[in-house]
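Protein chains in written order, with full-length UniProt numbering: chain A, 1 to 146; chain B, 1 to 425; chain C, 1 to 507. Built from N, CA and C at the ideal position, the CB exists for glycine as well. Being a predicted model, the structure only gives us computed values, none of them experimental. Here's the structure, in structure tokens; my notes come after.
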Amino acid sequence: MRRVYPNKDVCIGCHICEVACLTAHSASNDVVIAAKEEVATGLQPCKAVYDKGQLSVALSCRHCDNPSCVSACISGALYKDQETGRTCYNEEQCVGCWSCLMACPYGAVRRNVTKGKIIKCDLCEGREMPACVQACPNNALVYESR
Amino acid sequence: MSYVIIGNGVASVGAIEGIRKVDTTTPILVVSEEDTPTYGRPLISYFLAGKIGLDRVSLRPDEFYEKNNVEVKLDTRVAAVDTAAKTITTEAGEVIEYKELLLATGGVPFMPPIKGIDGSGVFNFTTLNHAHMLLDLSKRIHRVVVVGGGLIGLKAAEALRYNGLSTAIVELGSRVLSAAFDDVAGNLVAQQLEDKGITICCGTTVEEILRTEQGEVIGVRLANGQKLACEAVVVAIGVVPSLDLAKDAGIAVNRGIKVDDNMSTSVEGVYAAGDVAEAPDMIAKEGRVTPIWPNAFSQGYHAGLNMASEEASPHPGGLPMNAISFYGLPTASLGHVNPSEDENCEVFTFTDEENGVYRKLVFRDEKLIGYVLVGEVDFAGLYTGFIRFGLDITPDVKEELIAGKPSALLWPEEEFDTKWTPAAE
Amino acid sequence: MLFKPISQNFSDFVIDRENDRCINCEVCVRQCSYEAHYWDDARQCVSHDHTKCVGCHRCEAFCPTGCLTIKKNPADFRDNALWTPTYMKHVYKQGDTGGILLSGMGSPADKPIYWDNLQLDASQVTNPSIDPLREPMELTTYLGSKPDKVSFEETSDGPKLTTKIGPQLKLNYPLMFSAMSFGSINLNLHKAMAMAATELGIAYNTGEGGLHPDLYKYGNNTIVQVASGRFGVHKDYLNAGSAVEIKIGQGAKPGIGGHLPGEKIDEEVSKTRMCPVGSDAISPAPHHDIYSIEDLLQLIYAIKESTEYKVPVSVKIAAVHNAPAIASGIVRAGADIVVIDGFRGGTGAAPTMIRDNVGIPMELALAAVDNRLRDEGIRNHASLVVAGGIRCSADAIKAIALGADAIYIGTAALVSVGCTLCGRCYTGKCPWGIATNEARLKKRQNPEVAAKRLANLVRAWGHEIQEMLGGMGLNSIESLRGNRDKLRGLGLNETELDILGVKHAGR
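Listed below in structure tokens is the structure:
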């Protein structure tokens, strides 16, 4: 399956992927409204850029083969789609217990505090190319099979 | 011949998914003494609190069993296992052959020998049926006492309080959540519960459940002499593994059913997973019964892989972990969090009482081995990574972790590259 | 602005932030290496300081909401034909610092650009034009000394060529990437140029900073440079490339040397240049072993000996007044390639006064040198390469018609990877990740992406050159070399037309 892979050697730490992710997952699909209004209601990007000295890297859910978040999910909101291989998330089911957030050793699960539910990369369901990859100005994120 | 799984909790679901990862054809039979399809057991507190309806307690979609070619016998108790003949016998007398067997029988609530404990008005809180009973009860009564200040007891108390009941918790230890938390974290949680009107009595125990002559519960008498009036008692002081089947079948047991890394018991072809299993612990490196949800799933998953495959898929080892919120106060605790003095651990804590934030990190031999987070849990997973992968911790990295700034860029570079950027095909 | 020398407040640019659209994402803050954008803690929003803006437009390009526009500061001084704001600001700056004014990139001065006054010819009726999509169109170029005549002997198998031809540098396009040293630009771009040159079958020039070990594998497409500082020069280096170039002068700063500040000498640059980390790398104004054509001859032959006469040796000079005579001497000293760098040529750092006032336009120098070598009958002894201010394929093809064999592109190559000619290369803080060795900044050039853009640029120009050649009824770049009849001047005076050797349009 295709996944999003980071390349820290050329990640410039611009954080544009976060903005793209936020917009792609907003109700308005508008970058300004997403950032100015929807963030106030709990919207957050699934992508996180980490910086350390000269290094930067943008990370999100790895869609692991045997994901710890699915093991930890008490509500059935997280599950592995056998056909696509994706680690899927059904927000309806989530009860906000934060077990997955703790269990994921990659720190790829975040909280929507307002909704009391988690936020996790869905590889931009419905988009041909995940928003973060499309927006990256330096090819530091690629969407491919490895 | 089918794979047979006794029990229908999360370990059982894990096992089905593990088996199906390798073997998509051989039928699977699940035998469960409960009468409901599998549900998210921890969800019973959400159900009892009225946060979710029955429509949301299922752990997997309705078509899960059918899609995975699994036959489920609900409301069926298994009377015996014959490991020589490779059969199980139900209480109704049906004999079923198995190809490989998984014992995922879980645990049963421990009932201490308290005077007056037998009779009506005393409940447990481990199954959906228990939740139904307490929900009915909460409409009829006003006061309840919960015995046990562990996770189940606290969640039961919180849910009952949501139903408007006057609720008290009695805990023998000096604080609530003694296993997973330390004093500071326990007290932060206790404070949160007390703020919401729950009474907490620590350092004492229920000596007697007081009843009327007709046998109705009217209160409890504590060891310190205090009496608490109530119309019902919920006993939540832990579960004990359901070992009878295994013992009778001659399978080696200790506190739980003894299994190796591959979840295999002392008898070939028989596996055990979940709350019933005593499996190697990731940090302690010895057999432990770790009755927690994620463990049960992953043990079940690995048991499933090993049942269906010739190739061994060892389980990485049990890792105690609990993430739980109390009235919106999030907490997470993972690994070894209460080391004794002679364990040569380094413990770092950070407390911000004003904002109800607490952080505790436990290091040993330049590795992180446990943490407790209260209030701010967003970085929990990043700490977990250091423990799960046993990453080496340099002084610089330690400093960042202690400062509450974990990051994947603090991983050793090689580890980062193999995990995040595997070579292109 | 408060707490600033007042003269700095006459900023060149203003940052226009459309506040309705600004989402405080701080992308601009992270991108601006001059800290013109910053997080204002007191106001809890992103803010900016016009006086720090160098007009590189990085923020504008990256702003995800498009809320930023960088504008020329509309605050006008009183009109004065003599004292333009540029000169006034120079004086203010020198009043503040007492130092030499520094500039980066080629001269922006308003001086004649002859390319714009030259028009190309095309075929109509009397000879057919050629469609390069249907018919072969040869752009392959060989740089190196060509023989005076071809000799052969009769053998039993028929005639056999006896002429020995000197070493040649083969190019699939008559274009090369200019000398830009490792240090002045970073390794990512050197790698990108090497990759692109290899893919295209052309060459790039190392500049005077040596060759990083990682890039030796691109040697077939590398011209290694030897300059007055002799940085990174050793036997393996000389033999690593497919040509060696002796740099005498640079179009942007004729007559002066170079100075790479110590801050830019990191571990890698130090290793490659063979000079200590943190020490200034100073290239003297002259080569101290070359004070005459005879001295130059010695160096040329020393290099030829070191490389066993396997690669052509090139000599590069700045376009100065007596370039034709110097070029003649260079050819007679044994150079296989002569490079003329015009005054528009780029630089990482040059004194502003020198950049804008020394040297002559490359168009005139090229025509004059070509004429001179032809007049002396030695034009075939060396190839002629020009550099300095070629902006498009039309400039390039005009240069070939004026007599050039090939063209170095430097500024155009950098623009293709993002350079916006802000001209602050000498600060080492290039926000586009080009003229910088800062780890965080140089990552902005992903070698793979940059190589692709460089290759695209050359391919695009190649297509255009083929179109224009075909239009003139030519099917080989060789047929255009020095073919000045294909050019006509527009609005040029008699002297200019005479030097360029072209007729005025209409003639």
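Checklist entry - What are the complete beta strand (DSSP E) segments, minimum 3 residues, inside the region 312 to 391 of chain B? => result Along the length of the region 312 to 391 of chain B, whole beta strand (DSSP E) runs at least 3 residues long occupy 321 to 326, 329 to 335, 346 to 352, 357 to 364, 367 to 374, reported in chain order.
Checklist entry - By how many angstroms is the C-alpha of ASP405/C removed from the C-alpha of VAL320/C? => result Against the third sequence, residue 320/C aligns to sequence position 320. Against the third sequence, residue 405/C aligns to sequence position 405. Cα to Cα, the separation comes out at about 20 Å.
Checklist entry - The beta strand (DSSP E) with LYS160/C in it runs from where to where? => result Counting from one through the third sequence, the residue named residue 160/C turns up at place 160. That run of the beta strand (DSSP E) goes 158 to 161.
Item to check | Residue span of the beta strand (DSSP E) that contains ARG143/B, given as start and end | outcome: In the second sequence, the residue the question calls residue 143/B occupies position 143. Per DSSP, ARG143/B belongs to the beta strand (DSSP E) from 143 to 147.
Item to check | CB contact below 8 Å: ASN446/C versus chain A | outcome: Against the third sequence, residue 446/C aligns to sequence position 446. So, interface residue.
Item to check | Residues near GLY7/B by beta carbon distance below 6 Å, same chain, minus five either side | outcome: As a position in the second sequence, residue 7/B is number 7, starting the count at 1. So the list reads ALA104, THR105, GLY106, once near-sequence residues are dropped.
Next on the checklist: Is there a Cβ of chain A sitting closer than 8 Å to that of LYS429/C, yes or no?
Outcome noted: Working through the third sequence from its first residue, we reach residue 429/C at position 429. Nearest CB-CB separation between LYS429/C and chain A: not below the 8 Å threshold.
Item to check | Exposed unless 16 or more other CB atoms sit within 10 angstroms - verdict on VAL113/A | outcome: The residue labelled residue 113/A in the question sits at position 113 within the first sequence. Within 10 angstroms of the beta-carbon of VAL113/A lie fewer than 16 other beta-carbons, which makes it exposed.
Item to check | Cβ contact check for the region 31 to 40 of chain C and the region 89 to 98 of chain A: 3 or more pairs under 8 Å | outcome: no
Item to check | Which residues DSSP lists as bridging ASP16/C, in chain order | outcome: For the purposes of this step, residue 16/C is identified with residue 16 of the third sequence, where counting begins at 1. Among the bridge pairs identified by DSSP, ASP16/C is matched with THR69/C.
Checklist entry - Using a C-beta to C-beta distance shorter than 9 Å, which residues of chain A count as neighbours of ALA439/C? => result Taking the third sequence and counting its residues from 1, one reaches residue 439/C at position 439. Those within 9 Å of ALA439/C in chain A are GLY53, GLN54, LEU55.
Next on the checklist: So if I threshold CB-CB distances at 8 Å, which residues from the region 30 to 64 of chain B count as touching chain A?
Outcome noted: GLY40, ARG41, PRO42, LEU43, TYR46, LYS51, ILE52, ARG56, SER58, LEU59, ARG60, PRO61
Checklist entry - What is the rounded straight-line gap between the Cα of GLY104/C and the Cα of GLY144/C? => result Residue numbering aside, residue 104/C sits at position 104 when the third sequence is read from its first letter. Residue numbering aside, residue 144/C sits at position 144 when the third sequence is read from its first letter. Approximately 32 Å, taken between the alpha carbons.
Item to check | Cβ-based neighbour list, VAL31/A, same chain, cut-off 7 Å, excluding 5 preceding and 5 following | outcome: If you number the first sequence from 1, residue 31/A lands on position 31. Same-chain partners within the cutoff: VAL19, THR23.
Checklist entry - What are the residues of the region 13 to 40 of chain C that lie near chain A, defined by any Cβ-Cβ distance shorter than 9 Å? => result ASP20, ARG21, CYS22, ILE23, ASN24, CYS25, GLU26, VAL27, ARG30, GLN31
Item to check | Cross-chain neighbours of VAL449/C in chain A, by beta carbon under 7 Å | outcome: Your numbering for residue 449/C matches position 449 in the third sequence. Under the 7 Å cutoff, chain A gives ASN138, ASN139.
Checklist entry - What did DSSP end up calling HIS504/C once you bin it into helix, strand or coil? => result Residue numbering aside, residue 504/C sits at position 504 when the third sequence is read from its first letter. It is a strand residue.
Next on the checklist: Between which residues of its own chain and CYS419/C is the CB-CB distance below 7 Å, once the five residues before and five after are set aside?
Outcome noted: As a first step, residue 419/C is located in the third sequence; it is residue number 419 there, counting from the start. Here the set comprises TRP432, ILE434.
Checklist entry - Just by C-beta distance, which residues in the region 356 to 387 of chain B are closer than 9 Å to chain A? => result LEU373, VAL377, ASP378, PHE379, ALA380, GLY381, LEU382, TYR383, THR384, GLY385, PHE386, ILE387
Checklist entry - DSSP state of LEU102/B, grouped into three classes? => result As a position in the second sequence, residue 102/B is number 102, starting the count at 1. Looking at LEU102/B - three-state DSSP - the assignment turns out to be strand.
Next on the checklist: I'd like to check one pair, GLY183/C with GLY251/C: are the Cβ atoms closer than 8 Å?
Outcome noted: As a working mapping, residue 251/C is identified with position 251 in the third sequence. As a working mapping, residue 183/C is identified with position 183 in the third sequence. Taking 8 Å as the cut-off, the Cβ atoms of GLY251/C and GLY183/C do not count as close.
Checklist entry - Using 8 Å as the limit for Cβ to Cβ distance, is TRP293/B near chain A? => result Taking the first residue of the second sequence as 1, we reach residue 293/B at position 293. It does: the Cβ of TRP293/B has a partner Cβ on chain A nearer than 8 Å.
Checklist entry - When DSSP labels each residue in this structure, what does LEU165/B get in the three-state scheme? => result Counting from 1 along the second sequence, the entry for residue 165/B is found at position 165. In this structure, LEU165/B counts as coil in the three-state DSSP scheme.
Checklist entry - Expressed to the nearest angstrom, what Euclidean distance is found between the alpha-carbon atoms of ARG211/B and GLU231/B? => result Indexing the second sequence from 1 puts residue 211/B at position 211. Indexing the second sequence from 1 puts residue 231/B at position 231. If I take the Cα positions, the gap works out to 9 Å.
Checklist entry - Is GLY489/C helix, strand or coil when you go by DSSP? => result Translated into the one-based positions of the third sequence, residue 489/C becomes position 489. Strand.
Next on the checklist: I'd like to know whether the C-beta atoms of SER181/C and GLY207/C end up nearer to each other than 8 Å.
Outcome noted: Start at 1 with the first residue of the third sequence, and residue 181/C comes out as number 181. Start at 1 with the first residue of the third sequence, and residue 207/C comes out as number 207. Yes. Within cutoff.
Item to check | First through last residue of the alpha helix (DSSP H) which encompasses HIS186/B | outcome: Sequence index remark: in the second sequence, residue 186/B carries index 186 (1-based). Looking at the sequence provided, one finds Gly at residue 186/B rather than His. Run containing GLY186/B: 183 to 195, per the alpha helix (DSSP H) assignment.
Next on the checklist: Quick check on this structure: which residue in MET195/C, LYS271/C, VAL369/C has the alpha carbon closest to the alpha carbon of HIS212/C?
Outcome noted: For the purposes of this step, residue 212/C is taken as residue 212 along the third sequence, with counting starting at 1. Selected option, being the one with the closest Cα: LYS271/C.
Item to check | For THR84/C, the nearest candidate out of THR97/C, LEU68/C, ALA109/C, GLY95/C (CA to CA) | outcome: On the third sequence, residue 84/C is found 84 positions in, with the first residue counted as 1. That would be ALA109/C, whose Cα lies nearest to the Cα of THR84/C.
Next on the checklist: Can you list, in chain order, the residues of its chain with a C-beta nearer than 7 Å to that of GLU366/B? Leave out the 5 residues immediately preceding and following it.
Outcome noted: What you label residue 366/B is simply residue 366 of the second sequence in a count that begins at 1. So the list reads ASP392, ILE393, once near-sequence residues are dropped.
Item to check | ALA35/A: contacting residues in chain C (beta-carbon distance under 9 Å) | outcome: On the first sequence, position 35 is the one that residue 35/A refers to. Within 9 Å Cβ-Cβ: ILE23, ASN24, CYS25, PRO64, THR65.
Checklist entry - What residues of chain A sit near MET321/B, judged by a beta carbon separation below 9 Å? => result As a position in the second sequence, residue 321/B is number 321, starting the count at 1. Per Cβ cutoff of 9 Å: ALA72, SER99, MET102, ALA103.
Checklist entry - Are the beta-carbon atoms of LEU373/B and GLY107/A separated by less than 8 Å? => result Position 373 of the second sequence, counting from 1, holds the residue named residue 373/B. Position 107 of the first sequence, counting from 1, holds the residue named residue 107/A. Between LEU373/B and GLY107/A, the C-beta spacing is not below 8 Å.
Next on the checklist: For chain B, check one thing: does any of its Cβ atoms lie closer than 8 Å to the Cβ of GLN44/A?
Outcome noted: Numbered from its first residue, the first sequence carries residue 44/A at position 44. No, GLN44/A does not count as interfacial toward chain B.
Next on the checklist: Is the separation between the beta-carbon of VAL10/A and that of CYS132/A shorter than 8 Å?
Outcome noted: Translated into the one-based positions of the first sequence, residue 10/A becomes position 10. Translated into the one-based positions of the first sequence, residue 132/A becomes position 132. Going by C-beta atoms, VAL10/A is not nearer than 8 Å to CYS132/A.
Item to check | Continuous alpha helix (DSSP H) stretch holding VAL91/C: start and end | outcome: For the purposes of this step, residue 91/C is taken as residue 91 along the third sequence, with counting starting at 1. Run containing VAL91/C: 85 to 97, per the alpha helix (DSSP H) assignment.
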